[in-house]
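K.L.:
My numbering applies: residue 125 is where the sequence shown begins, and numbers increase by one. Sharing a structure here in structure tokens format.
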Amino acid sequence: MSWIHEKANRELTRIREAREKQVYPMFKPFESGGLHSSIGGQPVVNFSSNDYLGLTQHPKVKEAAAAAVQKYACGLSSSRVQATTVAHVELEERLAAWYRFESALVFTTGYQAMVGTIMSFADKDTTLILDSLAHACILDGTFLAAGTPTQQCEVRFFNHNSVRSLERVLKTKERKNAMVLIEGIYSLDGDKAVLKEIVEVCEKYDAVLVLDDAHGTGTLGTNGRGILEETGLEGRVPIVVSTFSKTFGGIGGILLGDADVVEHVKNRARSFLFSASLPVPIVAAAGAILTMLEDDGPALVAELHDKAAYFRKSLTEIGFDLGMSNTHIMPVMCRDERKALFMHIALLENGIYMIPIVYPGCKKGEERLRVNVTRGHTREDMDQALEMLQIYGDAFFVLSGDELGPMED
Ligand SMILES: Cc1ncc(COP(=O)(O)O)c(C=O)c1O
Numbered sequence: 125m126s127w128i129h130e131k132a133n134r135e136l137t138r139i140r141e142a143r144e145k146q147v148y149p150m151f152k153p154f155e156s157g158g159l160h161s162s163i164g165g166q167p168v169v170n171f172s173s174n175d176y177l178g179l180t181q182h183p184k185v186k187e188a189a190a191a192a193v194q195k196y197a198c199g200l201s202s203s204r205v206q207a208t209t210v211a212h213v214e215l216e217e218r219l220a221a222w223y224r225f226e227s228a229l230v231f232t233t234g235y236q237a238m239v240g241t242i243m244s245f246a247d248k249d250t251t252l253i254l255d256s257l258a259h260a261c262i263l264d265g266t267f268l269a270a271g272t273p274t275q276q277c278e279v280r281f282f283n284h285n286s287v288r289s290l291e292r293v294l295k296t297k298e299r300k301n302a303m304v305l306i307e308g309i310y311s312l313d314g315d316k317a318v319l320k321e322i323v324e325v326c327e328k329y330d331a332v333l334v335l336d337d338a339h340g341t342g343t344l345g346t347n348g349r350g351i352l353e354e355t356g357l358e359g360r361v362p363i364v365v366s367t368f369s370k371t372f373g374g375i376g377g378i379l380l381g382d383a384d385v386v387e388h389v390k391n392r393a394r395s396f397l398f399s400a401s402l403p404v405p406i407v408a409a410a411g412a413i414l415t416m417l418e419d420d421g422p423a424l425v426a427e428l429h430d431k432a433a434y435f436r437k438s439l440t441e442i443g444f445d446l447g448m449s450n451t452h453i454m455p456v457m458c459r460d461e462r463k464a465l466f467m468h469i470a471l472l473e474n475g476i477y478m479i480p481i482v483y484p485g486c487k488k489g490e491e492r493l494r495v496n497v498t499r500g501h502t503r504e505d506m507d508q509a510l511e512m513l514q515i516y517g518d519a520f521f522v523l524s525g526d527e528l529g530p531m532e533d
């Protein structure tokens, strides 16, 4: 056995044990797309999907993608340098206009958009300042920049959503230029950034703010343009990164900024230059959803908000702890690994899919079920989920907070 086999074997112990006890929750294969699907032949309603406006399965989206398959096939076999199509360029122009930015660039994933943006700017003169709950793409871009010999930026963290903590870091940073990286809605906890205060402190210290609005796109603001629209701060954040993997129902990253900023990233980001171009069927699908947002954004977003308000009120009345959430992302806090896993299994047996998040996906003591309400959920879906949550929340002491007794082997 080589060392890689030994390492893999050693590090898989925990996962093997979970599989043996039949509590390993990850990578269960769905048998069709959409919120209403099946796993192992059993119907399930997916409450962990990020298809926030329920548009992924819309016939117009599928038709646009199918037409693009006929014209461009499924891939372009190259990076954007030599595989840019008029469809990419048109979508970038439309995105820039819709989001009210000078320029937009489409990446193959949101993760790559963030890593490429950070890597294009962070150098020895830069301090990167991250919210302590920053998404993996922000962390990975930051550590890549810090560890690259020619860049080696300084890295600092501030307490989650704390403007006082951010200001302390801005006052004591060691490099000339500051870049502050936050999310519009924090993906695991479902709470919004205190954007106005953060923008003000960034302006005071001349720091560049980078906003990852992956979960705000299509869910916040009257038209769904995100947290900037909701807070009336459009024009005051220089860089926004978002994704097609949630509301836009596909895959792909979006960078928004002034023309020179975007052009610089386009010519500099290795995650853009050295990775394949976004397939045109996906570009076409995102374009079809953008048309729906342009034509019908307010109604679509309002419907999501109505459903989320109903679900939040019901969960709260039952007595669930939703942590810091103040959006459609409503983690059901179990605060115990076994409770989260048992809840997941019991709910799945009853056709409700809510993925558990356990350490190291979250801190110990913050284990939860990932619960997202989307516009695609029906009242019946929500009522069924609420009934099952209440039954198993009682059975596994999630509601009472009592300890689960020791398990027999
Ligand atoms: C906050 C946040 N940023 C970025 C990403 C990455 O987006 P993508 O799926 O397009 O790579 C995600 C996806 O999980 C996310 O939640």
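Built from N, CA and C at the ideal position, the CB exists for glycine as well. All of these numbers come straight from a predicted model, not from anything done at the bench.
Here's a check: name, in chain order, each residue in its chain whose Cβ is nearer than 8 Å to the Cβ of residue 198, leaving out the five neighbours to either side.
P.N.:
The answer, listed in chain order, is 403, 405.
K.L.:
Tell me the rounded alpha-carbon separation between residue 378 and residue 526.
P.N.:
So the two alpha carbons sit approximately 45 Å from each other.
K.L.:
Between which residues of its own chain and residue 463 is the CB-CB distance below 8 Å, once the five residues before and five after are set aside?
P.N.:
Correct list, in chain order: 491, 520, 521, 522, 528.
K.L.:
If the criterion is Cβ atoms closer than 9 Å, does the pair residue 357 and residue 328 meet it?
P.N.:
No, Cβ-Cβ distance for residue 357 and residue 328 is not below 9 Å.
K.L.:
Should residue 206 be labelled buried (16 or more other beta-carbon atoms within 10 Å of its own) or exposed?
P.N.:
Flag for residue 206 reads exposed.
K.L.:
Hey, is residue 336 close to ligand 1, as in C-beta under 8 Å from one of its heavy atoms?
P.N.:
Indeed, a heavy atom of ligand 1 lies less than 8 Å from the Cβ.
K.L.:
List the DSSP bridge partners of residue 166.
P.N.:
Residue 166 pairs with 163.
K.L.:
So, is residue 131 buried or exposed, given that buried needs 16 or more other C-beta atoms within 10 angstroms?
P.N.:
With fewer than 16 other Cβ atoms within 10 Å, it is exposed.
K.L.:
Is it the case that the CB of residue 261 approaches a heavy atom of ligand 1 more closely than 8 Å?
P.N.:
Yes, since a heavy atom of ligand 1 falls inside the 8 Å radius drawn around the Cβ of residue 261.
K.L.:
Does the distance from the CB of residue 253 to the CB of residue 225 come in under 9 Å?
P.N.:
No, these two residues do not count as a Cβ contact at 9 Å.
K.L.:
In chain order, what are the residue ranges of uninterrupted alpha helix (DSSP H) at least 4 long that sit wholly in the stretch 197-248?
P.N.:
Runs of the alpha helix (DSSP H) inside the stretch 197-248: 210-223, 234-245.
K.L.:
Return yes when the Cβ of residue 255 is within less than 9 Å of the Cβ of residue 453, no when it is not.
P.N.:
Result no, Cβ atoms of residue 453 and residue 255 do not sit closer than 9 Å.
K.L.:
Should residue 401 go down as buried or exposed, given a rule of 16 or more other Cβ atoms within 10 Å for buried?
P.N.:
Residue 401 comes out buried.
K.L.:
Residue 152 and residue 163 look like a contact to me (Cβ under 8 Å); what is the Cβ gap, rounded to whole Å?
P.N.:
Residue 152 to residue 163, Cβ: 5 Å. Contact.
K.L.:
Assuming residue 482 contacts residue 461 under a Cβ cut-off of 8 Å, what Cβ separation, rounded to an integer in Å, is found between them?
P.N.:
Indeed they touch by this definition, with Cβ atoms about 5 Å apart.
K.L.:
Whole alpha helix (DSSP H) runs in the stretch 362-409 with 4 or more residues, listed along the chain?
P.N.:
If we require 4 residues or more, the alpha helix (DSSP H) runs fully inside the stretch 362-409 come out as 383-392, 394-397.
K.L.:
Residue 175 and residue 498 - do their beta-carbons sit closer together than 9 Å?
P.N.:
Yes. Within cutoff.
K.L.:
To test your reading of the DSSP string, which unbroken beta strand (DSSP E) runs of 3 or more residues are found completely within the stretch 499-530?
P.N.:
Fully enclosed beta strand (DSSP E) runs of 3 or longer: not present.
K.L.:
Specify, as a first and last residue, the run of the beta strand (DSSP E) that residue 307 falls within.
P.N.:
Note, residue 307: beta strand (DSSP E), 301-307.
K.L.:
Quick one: Cα of residue 352 to Cα of residue 172, how far?
P.N.:
Taking the straight line joining both Cα atoms gives about 25 Å.
K.L.:
Please find out if some non-hydrogen atom of ligand 1 comes closer than 8 Å to the beta-carbon of residue 139.
P.N.:
Answer for residue 139: no, Cβ out of range of ligand 1.
K.L.:
Between 514, 235, 299, which lies nearest to residue 268 when the distance is taken from Cα to Cα?
P.N.:
Considering only alpha carbons, the answer is 235.
K.L.:
Report yes if the C-beta of residue 311 is less than 8 Å from at least one heavy atom of ligand 1; otherwise report no.
P.N.:
Residue 311 Cβ: within cutoff of ligand 1.
K.L.:
Looking at the secondary structure, which residues open and close the alpha helix (DSSP H) in which residue 103 lies?
P.N.:
Past the boundaries of the shown model lies residue 103; the chain is included only from 125 to 533, so the question cannot be answered.
K.L.:
Find out if the Cβ-Cβ distance for the pair residue 469, residue 146 is shorter than 9 Å.
P.N.:
Result yes, Cβ atoms of residue 469 and residue 146 sit closer than 9 Å.
K.L.:
Between the C-alpha atoms of residue 472 and residue 144, what's the straight-line distance to the nearest angstrom?
P.N.:
Going from the Cα of residue 472 to the Cα of residue 144 covers about 18 Å.
K.L.:
Report yes or no: do three or more beta-carbon pairs, one from the stretch 295-312 and one from the stretch 429-442, lie closer than 8 Å?
P.N.:
Touching, no, given that fewer than three Cβ pairs across the two stretches are closer than 8 Å.
K.L.:
Quick check on residue 123: buried or exposed, where buried means 16 or more other Cβ atoms within 10 Å of its Cβ?
P.N.:
Nothing about residue 123 can be read from this structure; the chain reaches only from 125 to 533.
K.L.:
Can you check which of these residues, 274, 250, 279, is closest to residue 264 by C-alpha distance?
P.N.:
Residue 264 has its Cα closest to that of 279, out of 274, 250, 279.
K.L.:
Can you check whether the CB of residue 359 is closer than 9 Å to the CB of residue 336?
P.N.:
No. Outside cutoff.
K.L.:
Please tell me whether residue 343 and residue 367 are closer than 9 Å, where the distance is taken between their beta carbons.
P.N.:
Not a contact, by the Cβ cut-off of 9 Å.
K.L.:
On a CA-only basis, which of 149, 479, 192 is nearest residue 411? Give me that one, please.
P.N.:
Among 149, 479, 192, the Cα nearest to that of residue 411 belongs to 192.
K.L.:
When the Cα atoms are used, what is the spatial distance from residue 332 to residue 517?
P.N.:
The straight-line gap from Cα to Cα measures roughly 44 Å.
K.L.:
First and last residue of the alpha helix (DSSP H) that includes residue 253?
P.N.:
No alpha helix (DSSP H) contains residue 253, which is instead part of the beta strand (DSSP E) from 250-255.
K.L.:
Residue 332 lies in the beta strand (DSSP E); which residues open and close that run?
P.N.:
Segment 332-336, the beta strand (DSSP E) holding residue 332.
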